[in-house]
Amino acid sequence: MSEGIVGCKKQVVEAQMCHHCGAHFIKLTAKFCSRCGTKKKSFSGGRKETRCSVNDKRTPLRGGLGATGTFRAGGEDSKDRGGGNRTSSGVDDGETAPKAAASPQPSNISLPQLPMKTGDDPQEVAADDSTIRVTPEEEERYNSWATLSPEGITPEMLQTSDAPVLQSWRRGLLIGRGTYGSVYLGLLNDGSFYAVKCVEIGRKTGVFSVKELVSLSREINIMRRLHHKNLCTFKGVCYDSPNSTICMFMEYIGGGPLSSLVKIFKPLPPAVVRSWTQQLLKGLLYLHTQGIIHRDIKGDNLLVDTSSDPKLESQIKLVDFGAARRLSDAVAQSRTVIGTPYWMAPEVVDVTGSGEGYSYKADVWSVGCTVAEMLTGKPPWPSQVNAPAAIMMIAQAKDGPTEIPEAEATPGCLDFMRRCFVRDPGQRPTVEELMQHPWILGEME
């Protein structure tokens, strides 16, 4: 009798741990594993088991983090509490995976590869461009997020281990403002400067929502793993409790956004346009090799670092990952309309909903728009139209943008933009292919 009781208790204890990934369940009533998303089964005895099925990988997540490490807030009530960070003509409802009854899952995604020249040492290439430098302590902390469910998330959970140091920062000048927060120049006690993105949660309602925290956690979870010379470096996060503000610390780039410089110096010299485009492609290729789409590439999100050696070219750094998302093996296409309308690809603004979604090549279209912006100070569309009209214009245009700056561009630059503006994403080149374009390689003016 006692052995039966012990065995039953052992079975109940085991039921609190995911059989697939080993994550502990916070809630006994949870129906899905918040780390791997697989569904629980019932064990013998009439009680519900909290163990996950190894083979049930297509079950949609109800909450928590997906297998890639990003929070999901899906489920039947995702319209109310799931969500993304930035939308233009749609709502990012947690980006839940399709239900198991939907069309068959796509095959594994073939991620882009970092290009290598003959004679390059693979280890040197990886160390220069794609190494994710995460300490074991950081990895343990990041993985602990995977066991959180959206229902139990709090602002304090988003803080990094250096939050006590970051909380003593001093606020300086306002250096940027967006839809979901303001960016200030911040000074720490050790004399270092950072760009601090401050997001006041619950600003509209007075009470923070799960949707806000899930969206912020997704952005933080992406930024913390990225280490590339053409991406803005992430420092950490702290929570300003008295002001209900999440403070995200990023590398401070004193040169300012590319869009501001273009308005002063337009058109930029051809050599500068080529150099900055090449650097943008390098940073973007790194993102794509990590399984991430940026989805909001434009001049405002490209910072110019002029702090390096004056004899060397300025560094371009891609920032703002509030709209970025991961593409997992289970979801090869995204269907969320997100980004800034004038830089959006046609498949992103598919107003009919009849398309197959979009993937990495949506960023390629935005690269072409950004190159046009370097030459004219604006994307290649009529600037007088409002955002809804721009979306309709992009969706209906058959031959690409209507205002490609042919007069300002060199033949090589013009050919590069036209390749970016191939309407069919299946025929549009990848970032890896664009890096081999003669204009980028300096073989064509």
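Under UniProt numbering, residues 1 to 445 are what the sequence shown spells out, in order. From the three backbone atoms N, C-alpha and C, an ideal C-beta is built for every residue, glycine too.
Note down the Cα distance separating residue i from residue j, rounded to an integer number of angstroms.
i, j, result
"I175", "Q167", "19 Å"
"R47", "T233", "No answer about R47 holds up, because its pLDDT of 41 lies below 50 and its placement is not dependable."
"K361", "D296", "13 Å"
"L185", "S209", "27 Å"
"K263", "G377", "6 Å"
"F71", "K211", "Unreliable positioning characterises F71 in this predicted model, as indicated by a pLDDT of 34, which lies under 50. A coordinate reading is not provided."
"P155", "S215", "12 Å"
"C414", "G172", "Position check: residue 414 holds Leu in this sequence, whereas Cys was assumed. One C-alpha to the other measures close to 42 Å."
"N386", "N189", "45 Å"
"P242", "V199", "13 Å"
"E219", "Y252", "18 Å"
"G256", "M250", "14 Å"
"R274", "S244", "43 Å"
"K311", "D305", "13 Å"
"A397", "E403", "12 Å"
"F265", "L287", "29 Å"
"L261", "S366", "19 Å"
"D320", "Y194", "14 Å"
Between which two residues does the beta strand (DSSP E) holding residue i run?
i, result
"G181", "G181 to L187"
"M250", "T245 to E251"
"I222", "I222 -> not in any beta strand (DSSP E); alpha helix (DSSP H) instead, spanning V210 to M223."
"V348", "Segment: none, V348 is in no beta strand (DSSP E) and carries neither H nor E."
"Y239", "F234 to D240"
For residue i, which beta-bridge partners are listed by DSSP?
i, result
"C198", "S182 and C247"
"residue 464", "The first residue shown for the chain is 1 and the last is 445, placing residue 464 beyond what the model contains."
"R170", "L187"
"R177", "S182"
"L231", "L318"
"I297", "Beta-bridge pairing links I297 to no other residue."
Which first and last residues belong to the alpha helix (DSSP H) in which residue i is found?
i, result
"L258", "L258 to F265"
"G283", "P270 to T289"
"P164", "A163 to L166"
For my contact list, residue i and residue j are in at a C-beta cut-off of 8 Å; report their separation, rounded to the angstrom.
i, j, result
"Q279", "Q315", "7 Å"
"V196", "M248", "7 Å"
"N230", "G299", "The pair is not a contact, with the Cβ atoms about 15 Å apart (cut-off 8 Å)."
"L434", "L258", "Wrong, their Cβ atoms sit about 18 Å apart, outside the cutoff."
"T277", "I440", "7 Å"
"V422", "L285", "Not quite, the Cβ-Cβ distance comes to about 18 Å (not below 8 Å), so this is no contact."
"S217", "L158", "6 Å"
"D363", "H294", "6 Å"
"A409", "M417", "7 Å"
"P438", "P405", "Wrong, their Cβ atoms sit about 19 Å apart, outside the cutoff."
"I222", "I292", "6 Å"
"A395", "P341", "Going by Cβ atoms, the distance from A395 to P341 rounds to 10 Å, so no, they are not a contact pair."
"V237", "T160", "5 Å"
"M375", "P267", "Here residue 375 is Leu; the residue named in the question, Met, does not match the sequence. Going by Cβ atoms, the distance from L375 to P267 rounds to 5 Å, so yes, they are a contact pair."
(request) Within the segment 365 to 444, note down every full alpha helix (DSSP H) run reaching 4 residues or more, in order along the chain. (result) Counting only runs of 4+ residues, the alpha helix (DSSP H) found wholly inside the segment 365 to 444 occupies 387 to 396, 411 to 420 and 431 to 434, in chain order.
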